[in-house]
Structures are given as structure tokens and as C-alpha cells.
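Note sheet for the following structure.
Chains as they are written, first to last, in my numbering: chain A, 71 to 273; chain B, 21 to 389.
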């Protein structure tokens with residue numbers, strides 16, 4: 071958001087106040103969630119059967135994954151649009167990138183066919199990495215919990231408005247969506263993107 | 021080598037009699053760095069107290085002394101292990117950028133009083149227009165200083181700014197040095213009139229003020245009569261939001277606003293402000309490349325501040341030098357050397373002698389070494 075500054079304050083009008091309020095509410099809710107996760111870990115002693123069950127499941131996981139239909143799209147970072155490349159690069163260096171950039175990265179990876187584990191792995195090097203919170207949020211984006219909506223990647227214009235697009239103009243003159251940019255990059259390389267890529271919404 | 025030893029001897033003389041300057045806050049969390057006359061540079065050094073730091077300076081008489089804008093958990097570790105805690109927000113106004121010049125004289129540090137006055141004008145603009153008016157900072161929130169070399173520093177010490185990362189600091193740099201004019205898509209149109217400003221704050225206020233005071237002939241925008249009408253319209257308007265132009269004047273207005281942005285931006289050194297681990301010269305120490313002091317300046321002192329008087333070492337001793345080349349007139353502590361004196365041997369105050377020799381405008385003669 072591009073807000074006027076005066077005497078150390080941001081000057082808000084009706085529209086910007088609502089948007090900022092929404093962002094702050096999101097940050098507050100996330101911090102409450104964070105606290106709850108911390109408290110639940112510290113205070114409760116899990117019943118023995120939970121541990122037994124999770125142990126049993128874990129031992130079977132490799133076998134299950136053999137039959138999993140979850141497609142693992144061949145990850146080729148050179149075909150990512152510059153925004154996603156930058157976010158991933160910054161996280162790998164431990165830079166604390168904004169929430170919306172993380173959301174964009176996770177939704178993008180989901181749309182191009184990466185598995186949830188692969189996406190979670192991307193966030194492990196982030197400076198404030200919290201395993202429980204990351205799994206929870208990525209699961210949300212994958213539509214496994216909460217509203218069961220599979221979230222899609224925000225469009226280029228939304229990223230520009232949020233000052234997250236690192237380039238002047240657009241990657242492609244007529245394309246306004248990171249996933250479409252990814253598909254075009256594949257096409258230009260001569261290989262088909264395959265079925266793993268979910269169509270970009272709003273592009 | 022003899023000349024370098026003579027320069028070092030001057031700094032030893034200065035530090036032996038100088039009072040300990042005010043120490044940086046959280047001194048034990050700062051990283052210190054020093055360069056020496058033998059060409060060596062040492063960093064990742066820390067001190068438990070201001071007096072320990074000053075003891076090191078007096079004993080070693082380094083050529084240059086720096087400390088970090090950042091505070092660390094372990095300042096002596098290498099960059100990966102330091103444990104960054106927070107950092108002051110620094111601004112550096114350097115002659116080369118402020119004067120937007122490639123002049124080799126400026127690059128090599130031969131600055132006239134007039135050049136320093138131009139930099140000071142930009143320094144005041146940064147302070148009044150941006151740090152105070154837009155960011156709401158008061159004198160308790162920053163320290164101001166002369167760098168000892170080619171410009172001025174501001175260190176914003178206010179806690180709100182201390183935790184900003186490099187990306188956020190870059191936004192501040194862009195705000196100050198690139199400016200923000202309203203985009204034509206933000207103009208509102210009522211009947212045949214176009215209103216470019218939708219609020220009266222920040223850059224809108226700066227550009228509106230600039231427009232009202234502009235002279236059509238000096239804006240460099242044409243056609244001149246149209247520019248004049250736009251300026252008159254701004255003068256009639258009571259506030260930025262009331263200012264309007266006609267559809268036909270929009271193009272000229274945009275060019276005018278571009279000129280206004282160029283005029284009201286301040287060319288700060290981006291690398292300094294954005295770098296959260298930067299070492300900045302320590303106030304109270306001598307700039308080894310000039311012999312002038314890097315020193316803090318009070319808010320009320322700026323207008324009258326003259327580096328050649330108020331930042332000199334003020335040593336009472338004198339040195340004999342042979343003047344070889346003097347591109348500009350130099351006055352330190354009221355004593356002047358002029359370009360016409362090239363080729364002569366003169367005895368001058370030690371501060372002036374150091375300034376000329378270190379800038380390769382002369383050399384100490386044997387008696388002084």
C-alpha cells in the first residue's frame with residue numbers, strides 16, 4: 071500500500087484503513103495461533119494411544135507414499151517467474167519475507183504440482199521457521215483444513231500493489247499471472263508442462 | 021614512508037591531548053573497525069566501555085576509526101555469527117552524489133567552503149523536509165554529524181527504526197531520493213478540470229509548495245505561458261486538493277512535477293542507509309584523509325557550521341611544508357594557503373599542514389619530520 075506520510079504517521083482514508091485493518095488482523099490472528107500452538111505443546115501430555123498411532127502411521131508412511139497419487143512435478147526453478155525465484159532465494163538466505171510473499175510462494179508451488187511436503191521444506195530455512203505453524207498454514211493453502219479451499223496464486227497486479235513484484239512492467243506483455251508465466255517458460259523451453267500444472271486463475 | 025610517519029605523528033599529538041568523546045550507546049554491542057597508516061585494516065573488534073575504546077585510539081592513533089550502526093550479541097564474531105540485534109538508520113550526504121559531479125577535484129576531496137555550503141543545504145532539506153516533517157522525528161531521535169571528509173551524517177537512533185530490515189530501509193531511500201509524484205491514474209476529474217493531488221501530505225505537500233514558489237523561466241518546462249498559468253493556478257489554490265489544471269495542461273503539469281521531484285529529492289548514499297551492518301566513522305575521531313574531525317553537530321549549530329573552523333584539530337603546534345600543488349584556496353583555523361603559493365616552503369598550523377599533505381598538495385619538510 072502506498073500511503074501518505076505525515077509527522078511520522080501514515081495517513082489513512084476509508085479504503086486504506088480497511089485494508090490495513092485486514093492485514094493487521096491477519097498478523098494478530100497468526101500470532102494468537104502461534105501462541106496457542108506453543109501452549110498446547112507445553113502443557114498437554116498426549117494420551118499414550120496418540121503416540122502409538124502416530125508411531126504406527128510413521129512406520130507405514132514410506133509404503134503409503136509409493137501408492138500416493140500426489141504428483142511430484144519436476145521442479146525446475148529456472149522456469150519460475152522472478153518473484154517466486156526471489157522469495158525462495160531470500161528465504162534460503164534466512165531473510166524474513168512478508169507473509170503475503172510466503173502465501174504466494176506456497177500457492178504457486180501447489181498450483182504447479184509440488185507436494186505439501188516439498189512446499190513445507192521450502193520454508194524450513196526461513197528466519198522465523200516454526201514447523202507446526204508452517205505445516206498448518208500450508209495445509210490451509212492446500213485446502214486440507216479450514217474452509218477446504220485450495221488457494222490460488224495472486225495475480226501480477228496484486229503482487230505489484232503489495233510491492234512484491236521485483237521487476238518493472240510484466241514478464242510477458244499479455245500475461246498477468248505467475249503460473250501462466252511459468253507455463254510460458256516451459257513452452258518456450260520446448261517441453262510441455264504436463265498435467266501437474268493447475269490452470270492459473272485470473273490470468 | 022617518512023610522510024606517512026609524519027602524518028601519524030600529528031594524529032598521535034592530537035589524540036594525546038583530546039578529550040574522550042561521548043561514547044556510542046550500547047558500546048559493548050558495537051563492532052569497531054580501524055585503518056592504520058601502514059595500510060592495515062582491522063575490524064570485528066569490541067570494547068566493554070567507552071574509556072576502553074578511547075584508550076585503544078590514544079595508544080594506536082589509527083588513521084580512521086569506525087563503529088557499526090548495528091548492535092550485535094557477539095560483535096567480535098564474523099558476519100555470520102554476530103547475532104544482529106538492531107541498527108541505527110544512517111544517512112550519508114557525500115559531495116560526489118549531492119553535487120552530482122564527476123569533478124576529479126571533488127572526488128579527491130578538494131572541497132571549497134561553497135561546496136560544503138551546498139551539501140549543508142541538502143543536509144537541512146533532508147532534516148527539515150523528510151526526517152522532521154514527514155517522519156516526525158525530533159532532535160532526541162537522531163544525531164547529526166560532520167563526517168570529517170566530504171559530507172554530513174545523520175544517525176536515526178529512534179527505536180522504531182532500529183529493527184527495519186534492508187528492504188524497508190530501501191523504501192525510505194526511494195522515498196527520499198527518488199520521490200513520489202501522483203500517478204495520472206490517481207488524478208480526479210470534475211467536468212473539464214483535473215485535480216492531481218488527492219491529499220495534502222508528504223510528497224503532495226512538497227510538490228504543491230514547490231509549484232507555488234516556482235518561476236516559469238527556471239523550471240526548464242515549456243511552453244512557458246502554459247507553465248506560468250499552471251503556477252498561477254497553484255498560487256490561487258488554498259490547498260493541494262483545491263489545485264486544478266485543464267485537460268490540455270496535464271502533459272505540461274507532468275513535466276513540471278518531474279522537475280519538482282528532481283528539485284525536492286535529496287541524493288543520499290543508498291549503500292549506507294540500506295546496509296544494516298555498515299561501519300560508520302566514529303564521532304570525535306580524526307578523518308585520516310583530511311585531518312578534520314568527524315564530530316557531532318547540535319541541531320542549532322548547523323547553519324553556522326564551518327568544517328575548516330569547527331572541525332579542525334585546533335593544535336597549537338606548527339609544521340613546515342613545501343607546497344607542491346594547490347588546486348583551490350584552503351583555510352584551516354583562519355590561516356590560508358592559496359594556489360599561488362605552490363612551490364614555496366611555508367610554516368603553517370599543524371591542521372592546515374596535515375590537510376595539504378594528506379591531499380597530496382605538499383609535503384612535510386625535513387625539519388618537521
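Don't be surprised by glycine CBs; every beta carbon is placed ideally from N, CA and C.
For a Cβ distance threshold of 9 Å, residue set 75, 77 and 78 of chain A lies close to residue 155 of chain B, ordered along the chain.
In the same chain as residue 175 of chain A, and ignoring 5 residues on each side of it, the C-beta atoms closer than 7 Å to its own belong to 154, 157, 158 and 192, in chain order. Per DSSP, residue 280 of chain B is one residue of the alpha helix (DSSP H) stretching across 270 to 284. For residue 187 of chain A, the secondary structure class from DSSP, reduced to helix, strand or coil, is helix. If you draw a 10 Å sphere on the C-beta of residue 359 of chain B, you find fewer than 16 other C-beta atoms in it, and that means exposed. Between residue 161 of chain A and residue 195 of chain A a beta carbon distance of about 6 Å is seen, short of the 8 Å cut, so the two are scored as contacting.
At a beta-carbon threshold of 7 Å, none of the residues of chain A lie near residue 297 of chain B; the nearest stands roughly 14 Å away. The C-beta of residue 221 of chain B comes closer than 8 Å to at least one C-beta of chain A. About 34 Å separates the beta carbons of residue 78 of chain B and residue 146 of chain B, which is beyond the 8 Å limit, so they are not a contact pair. Note on residue 113 of chain B: 16 or more other CB atoms within 10 angstroms of its CB, so buried under the neighbour-count rule. Residue contact check for residue 120 of chain A against chain B: no CB pair falls below 8 Å.
As the crow flies, the alpha-carbon of residue 238 of chain A is around 11 Å from that of residue 226 of chain A.
The beta carbon of residue 171 of chain A lies closer than 6 Å to those of 157 and 234 in the same chain, with the five residues before and after it left out. Annotated three-state conformation of residue 228 of chain B is helix, per DSSP. Taking a C-beta cut-off of 7 Å against chain A, the contacting residues of the segment 165 to 186 of chain B are 185, listed in chain order.
The residues 43, 47, 52 and 67, in chain order, have a CB closer than 7 Å to that of residue 73 of chain B in the same chain once the five nearest residues on each side in sequence are set aside. Between the segment 346 to 358 of chain B and the segment 366 to 385 of chain B, the count of C-beta pairs closer than 8 Å reaches three or more; the two stretches touch. When DSSP states are grouped into helix, strand and coil, residue 325 of chain B belongs to the coil group. Residues of the segment 87 to 105 of chain B with a C-beta atom less than 7 Å from some C-beta of chain A do not occur. Its Cα nearest to that of residue 279 of chain B, the residue B/235 stands out among B/307, B/235 and B/304. The residue among B/374, B/381, B/373 and B/283 with its C-alpha nearest the C-alpha of residue 362 of chain B is B/381. Residues of the segment 224 to 243 of chain B with a C-beta less than 9 Å from any C-beta of chain A: 224 and 225, listed in chain order.
Assigned with DSSP and collapsed to three states, residue 84 of chain B falls in strand. Neighbours of residue 81 of chain A in chain B, taken as residues at a C-beta separation under 7 Å, are given in chain order as 219 and 221.
Using beta-carbon distances, residue 200 of chain A does not count as an interface residue toward chain B, since no partner is under 8 Å. Every alpha helix (DSSP H) of 4 residues or more that sits fully in the segment 90 to 122 of chain B is shown, in chain order, as 115 to 118. For residue 166 of chain A, the nearest beta carbon of chain B is closer than 8 Å to its own beta carbon. Secondary structure note for residue 32 of chain B: its alpha helix (DSSP H) is the uninterrupted segment 22 to 37.
Within the segment 215 to 260 of chain B, the runs of alpha helix (DSSP H) at least 4 residues long that lie entirely inside it are, in chain order, 222 to 233 and 244 to 256.
Taking the CA atoms as reference points, residue 178 of chain B sits about 16 Å from residue 319 of chain B. Within the same chain, Cβ atoms closer than 6 Å to the Cβ of residue 84 of chain B are found at 55 and 308, the five residues on either side in sequence being excluded. For residue 254 of chain A, the secondary structure class from DSSP, reduced to helix, strand or coil, is helix.
As summarised for the segment 189 to 254 of chain A, the continuous alpha helix (DSSP H) elements at least 4 residues long and confined to that stretch are 201 to 211 and 226 to 231, given in chain order.
According to the DSSP secondary-structure assignment, residue 266 of chain B is paired through a beta bridge with B/213.
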